[in-house]
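Enquirer: So that you can map any letter, position 160 of the sequence shown is 146 in our numbering, and since no number is skipped, the others follow by simple counting.
Have a look at the structure that comes next, please.
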Amino acid sequence: MANLGFLGLGIMGYPMARHLLDAGHHVALWSHTASKAAELAAQGDGVAYGTPRQVAESADVIFLCVGDTDMSAKVTLGEDGLIEAIRPGAVVADCSTVAPAYAHRAAATLAAKGAHFLDAPVTGSKPGAEGATLTFMVGGDQAVYEKVKPFMELMGKRFYYCGGTGLGLHAKLSQNLILSNLLQAFNEGMVLAVKAGVDPELMLDILDNSAARSGLVSFKAPYVFRRDFSTNFSTRWMHKDIGLMLDSANDLQVPIPLTALTRQMFQMAIAKGVADEDMCSTIKVLEEIAGVQVVPSCPK
């Protein structure tokens, strides 16, 4: 069995790390919330540590899944971070959605210590993490990726090697760009239809049987209809990702005007107090403006 590490035991990281433990691997665990690491360690051959540095002292392959670029930089390159005790030949696979520019800095800093870095963001939200059906998009050295892939296969079912450092992140941001704009289109279309008097379940059936069919819409619409905004992927974190998209677009001199507007709608939703609800809660902004709620006329 391998000596693995996992940093960040939130809504995604906790079930991801649990799959590694369930496979029988020794997993060194760290979380901002120490009780989470201790609880998970007790479920298998795990050890909870007080710092990322201690994880690096005992692991050959270390995964992390944290909230943003600053968090990744702190646990990887900061004080008491992985960089202070990383083993030569060890691999850090960052499953967080962070800035591609940071991925290049992390890769170069770790390389100076004889270690390797993969940007390996995932998609699939909470259900994918819990069901080990995540999709990985990976950037970095291909040989290093092939070495780490068997462990990724314990947490996901689709794997895309995208090329050199940062390209996994560029792929993930492009995917989320389309996803967030689709959600905004759903919000606008559904609120407009309901305001006009069309039942939302009828509207969804029309969408599901037209060229406008969307897996995202089909999945999220029932949650909206029953007013269930429990978090699979929060408004806060998608808002953060849209900011990364805009930063990358600026760096690459690519105009993305629709995405800029979508970010403002997410900002409005955060201002309404739904930052930690699921991102489908963003529909509440337009519902309030239009004076309607997207609920079926005869709820099931």
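Even for Gly, the Cβ is constructed at its ideal location relative to N, Cα and C.
Predicted model, so just to flag it, every value in this text is computed and none were measured.
Just the Cα atoms here: how many angstroms apart are S204 and M189?
Expert: Within the sequence shown, the letter at position 218 stands for residue 204. Within the sequence shown, the letter at position 203 stands for residue 189. S204 and M189: Cα-Cα distance of roughly 11 Å.
Enquirer: Hey, out of A246, L15 and I69, whose CA is closest to A97's CA?
Expert: Position 111 of the sequence shown, counting from 1, holds the residue named residue 97. That would be I69, whose Cα lies nearest to the Cα of A97.
Enquirer: Is the Cβ-Cβ distance between P86 and L(-10) less than 8 Å?
Expert: For the purposes of this step, residue 86 is taken as residue 100 along the sequence shown, with counting starting at 1. For the purposes of this step, residue -10 is taken as residue 4 along the sequence shown, with counting starting at 1. Taking 8 Å as the Cβ cut-off, P86 and L(-10) do not qualify as a contacting pair.
Enquirer: Determine whether the beta carbon atoms of Y141 and A118 lie at a separation below 8 Å.
Expert: Residue numbering aside, residue 141 sits at position 155 when the sequence shown is read from its first letter. Residue numbering aside, residue 118 sits at position 132 when the sequence shown is read from its first letter. Residue identity differs from the one stated: residue 141 is Met in this sequence, not Tyr. Contact flag set, yes.
Enquirer: Mind the definition here: the stretch 59 to 73 touches the stretch 19 to 35 only if three or more C-beta pairs lie below 8 Å; say whether that holds.
Expert: With a cut-off of 8 Å, the stretch 19 to 35 and the stretch 59 to 73 do not count as touching, because too few Cβ pairs lie within range.
Enquirer: Pairs of beta-carbons, one from the stretch 203 to 223 and one from the stretch 250 to 270, closer than 8 Å: are there three or more?
Expert: Short answer: they touch.
Enquirer: Assuming Y147 and V124 are in contact, meaning their beta carbons sit under 8 Å apart, how far apart are those beta carbons, in whole angstroms?
Expert: Taking the sequence shown and counting its residues from 1, one reaches residue 147 at position 161. Taking the sequence shown and counting its residues from 1, one reaches residue 124 at position 138. About 5 Å; that satisfies the 8 Å criterion.
Enquirer: Are M231 and L159 closer than 8 Å when you measure CB to CB?
Expert: Stepping through the sequence shown from its first residue, residue 231 is reached at position 245. Stepping through the sequence shown from its first residue, residue 159 is reached at position 173. Cβ distance < 8 Å, so M231 and L159 count as in contact.
Enquirer: List the endpoints of the continuous beta strand (DSSP E) containing R144.
Expert: As a first step, residue 144 is located in the sequence shown; it is residue number 158 there, counting from the start. Counting along the chain, the beta strand (DSSP E) containing R144 begins and ends at G142 to G149.
Enquirer: Just verifying my parser: in three-state terms, what is the DSSP assignment at L50?
Expert: Position 64 of the sequence shown, counted from the start, is the residue given in the question as residue 50. Strand.
Enquirer: Please work out which residues of its chain come closer than 8 Å, Cβ to Cβ, to T221, disregarding the five sequence neighbours upstream and downstream, and give them in chain order.
Expert: Your numbering for residue 221 matches position 235 in the sequence shown. Result list for T221: F252, A255, I256, V260, A261, D262, E263, D264, M265, S267 and T268, in chain order.
Enquirer: Report the residue from G(-6), Q40 and L7 whose alpha carbon sits nearest the alpha carbon of S21.
Expert: Within the sequence shown, residue 21 is the residue found at index 35, counting from 1. S21 has its Cα closest to that of G(-6), out of G(-6), Q40 and L7.
Enquirer: Assuming C81 and V108 make a contact with CB atoms under 8 Å, what is their CB distance in whole Å?
Expert: Taking the first residue of the sequence shown as 1, we reach residue 81 at position 95. Taking the first residue of the sequence shown as 1, we reach residue 108 at position 122. Sure, about 5 Å apart at Cβ, within 8 Å.
Enquirer: Which same chain residues end up closer than 7 Å to Y0 when comparing Cβ atoms and leaving out the 5 residues on each side of it in sequence?
Expert: For the purposes of this step, residue 0 is taken as the residue at position 14 of the sequence shown. For Y0, where only same-chain residues beyond five positions count, the Cβ hits under 7 Å are K22 and L26.
Enquirer: Taking the beta carbon of G183 as the centre, do at least 16 other beta carbons fall within 10 Å, making it buried, or is it exposed?
Expert: Residue 183 sits at position 197 when you count from the first residue of the sequence shown. Classification for G183: exposed.
Enquirer: What three-state label does DSSP hand N(-11) in the structure shown?
Expert: Within the sequence shown, the letter at position 3 stands for residue -11. If DSSP states are grouped into helix, strand and coil, N(-11) belongs with the strands.
Enquirer: Pick helix, strand or coil for H90, following the three-state DSSP scheme.
Expert: Taking the sequence shown and counting its residues from 1, the one referred to as residue 90 is at position 104. Residue state, collapsed to three classes: helix.
Enquirer: Return the chain-ordered ranges of every alpha helix (DSSP H) run that is complete within the stretch 13 to 78 and spans a minimum of 4 residues.
Expert: You should have 20 to 27, 38 to 44 and 55 to 63.
Enquirer: Let me check one thing: in DSSP terms, what residues is G125 bridge-paired to?
Expert: Here residue 125 corresponds to residue number 139 of the sequence shown, with the count starting at 1. DSSP output for G125 lists D105 and G149 as bridge partner(s).
Enquirer: Leaving out five residues before and five after E116 in sequence, what residues of the same chain have Cβ atoms less than 8 Å from its Cβ?
Expert: Mapped onto the sequence shown, residue 116 falls at position 130. So the list reads P1, once near-sequence residues are dropped.
Enquirer: For L15, count neighbouring Cβ atoms within 10 angstroms of its own Cβ and tell me buried if that reaches 16, exposed if not.
Expert: Walking along the sequence shown from the start, residue 15 turns up at place 29. By the 10 Å Cβ count, L15 comes out buried.
Enquirer: Keeping to the same chain, check which residues put their C-beta closer than 6 Å to that of A79; ignore five residues upstream and five downstream.
Expert: By 1-based counting over the sequence shown, the position of residue 79 is 93. Around A79: F49, L104, A106 and V134.
Enquirer: Distance, Cα to Cα, K143 vs V280?
Expert: Sequence index remark: in the sequence shown, residue 143 carries index 157 (1-based). Sequence index remark: in the sequence shown, residue 280 carries index 294 (1-based). So the two alpha carbons sit approximately 34 Å from each other.
Enquirer: Assign E65 to one of two classes, buried (16 or more other C-beta atoms within 10 Å of its C-beta) or exposed (fewer than that).
Expert: In the sequence shown, residue 65 corresponds to position 79, counting from 1. Exposed.
Enquirer: Taking a contact to mean a Cβ-Cβ separation below 8 Å, would you say K206 touches A276 in this structure?
Expert: Mapped onto the sequence shown, residue 206 falls at position 220. Mapped onto the sequence shown, residue 276 falls at position 290. Result no, Cβ atoms of K206 and A276 do not sit closer than 8 Å.
Enquirer: Residues bridged to D264 by DSSP?
Expert: Looking up residue 264 in the sequence shown gives position 278. In the DSSP output, where bridge partners are listed per residue, D264 has S220.
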